[in-house]
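Each number in my numbering comes from the position in the sequence shown (counting from 1) with 342 added on. Using N, Cα and C, we set each Cβ at its ideal position, and we do this for glycine too.
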Amino acid sequence: MSAATTISEMHLDGGIACLDFVNSAYNTEKEVIVERLHTYSDILILAGRLELLDENVLKNLKIKAEKNTLEADHILKVARKIRQSMFHVFTALANGKTEDLSKEVLNDFNDAVKSALNNRIFIIVETELIFSWKDVLSNLMLPIWAFSLSAYELLKNEDQHLIKKCSACEWLFLDKTKNHRRRWCDMQTCGSSEKSRRYYQKFKVNQAQR
């Protein structure tokens, strides 16, 4: 995908919230090349686009973040660290190299998932008990917990072999196609670009042989 896209513009091709969260940066094994989470507000925008939290919750969190800028900046750093651990975990699965995962990365990932699960509770909504979050209107960690819960649900409920890396842009995605042979995060962008690249290379070879 284009490195110029913002968090409001980026394609959401991951197939599940946690992979779109990871794709909010363009990573290498050592550093982030493209960053889309520049402020706490960017985290809320992504959570809203993925419908992880409703508009009322997002509005309240934005107001609190604006009043508590130091806390919001700290949580932004926490979010990036958790995202990096997810990047390493899901990339290892996509590459079939879980043995390369360090103990430190796995500990960070597990801590994030544990924190999310520890903040899930049942609340009363009209005549029913609904599984929700603690401090749903005021805890700035809420969207981070939501992304971490998504990661937990992916590993628990989905076939981990279907976590793949786009052969063109290297974004991560969950392959939900029937034959599970999807190679690109999006056929219209990366798929077309990759096909055009292969066609051009083949054309050059053919020309050289004439």
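Note to self: Let's see if you can read the secondary structure: which residues bound the alpha helix (DSSP H) around R391?
What the structure shows: What you label residue 391 is simply residue 49 of the sequence shown in a count that begins at 1. If you look at R391, you'll find it in the alpha helix (DSSP H) that goes Y382 to R391.
Check: For the 8 Å Cβ check, are there 3 or more pairs between the stretch 501-512 and the stretch 404-418?
Finding: no
Next item on the list: Taking 9 Å as the cut-off, decide whether the C-beta atoms of M514 and F451 are in contact.
Entry: Here residue 514 corresponds to residue number 172 of the sequence shown, with the count starting at 1. Here residue 451 corresponds to residue number 109 of the sequence shown, with the count starting at 1. Here the sequence assigns Leu to residue 514, which means Met is not the residue at that position. It is not a contact, given that the beta carbons lie outside the stated cut-off.
Note to self: Quick check on DSSP: helix, strand or coil for L471?
What the structure shows: If you number the sequence shown from 1, residue 471 lands on position 129. Here L471 sits in strand by DSSP.
Notebook entry, point to check: How would you call L471, buried or exposed, if buried means at least 16 neighbouring beta carbons within 10 angstroms?
Noted result: By 1-based counting over the sequence shown, the position of residue 471 is 129. Classification of L471: exposed, given that the 10 Å Cβ count is below 16.
Check: Is D528 buried or exposed, if buried means 16 or more other CB atoms sit within 10 Å of its CB?
Finding: Along the sequence shown, one-based indexing puts residue 528 at 186. D528 should be labelled buried.
Check: For A367, which beta-bridge partners are listed by DSSP?
Finding: Locating residue 367 in the sequence shown gives position 25, where the first residue counts as 1. E377, per the DSSP bridge assignment.
Next item on the list: Over the uninterrupted beta strand (DSSP E) stretch that includes I405, give me the two end residues.
Entry: Here the question's residue 405 lines up with position 63 in the sequence shown. Element bounds for I405: not the beta strand (DSSP E) but the alpha helix (DSSP H), E397 to K409.
Check: So what's D362 in DSSP terms, helix, strand or just coil?
Finding: Here residue 362 corresponds to residue number 20 of the sequence shown, with the count starting at 1. Three-state result, D362: helix.
Check: What did DSSP end up calling R422 once you bin it into helix, strand or coil?
Finding: Stepping through the sequence shown from its first residue, residue 422 is reached at position 80. In the structure shown, R422 sits in a helix (DSSP, three-state: H, G or I).
Next item on the list: Give the C-beta separation of Y382 and I417 to the nearest angstrom, bearing in mind that I take them to be a contact with Cβ-Cβ under 8 Å.
Entry: Counted from its first residue, the sequence shown places residue 382 at position 40. Counted from its first residue, the sequence shown places residue 417 at position 75. Going by Cβ atoms, the distance from Y382 to I417 rounds to 6 Å, so yes, they are a contact pair.
Next item on the list: Report yes if the CB atom of A454 is closer than 9 Å to the CB atom of S490, and no otherwise.
Entry: For the purposes of this step, residue 454 is taken as the residue at position 112 of the sequence shown. For the purposes of this step, residue 490 is taken as the residue at position 148 of the sequence shown. In contact: A454 and S490 (Cβ atoms closer than 9 Å).
Notebook entry, point to check: Going by the beta-carbon positions, is the gap between L311 and A414 smaller than 9 Å?
Noted result: No answer is possible for residue 311: the residues shown for the chain start at 343 and end at 552.
Notebook entry, point to check: Quick one: what does DSSP say R540 is sitting in, helix, strand or coil?
Noted result: Taking the first residue of the sequence shown as position 1, residue 540 is located at position 198. At R540, the pLDDT of 48 sits below 50, so the modelled position is not reliable; the number obtained from the coordinates is stated separately. Residue state, collapsed to three classes: helix.
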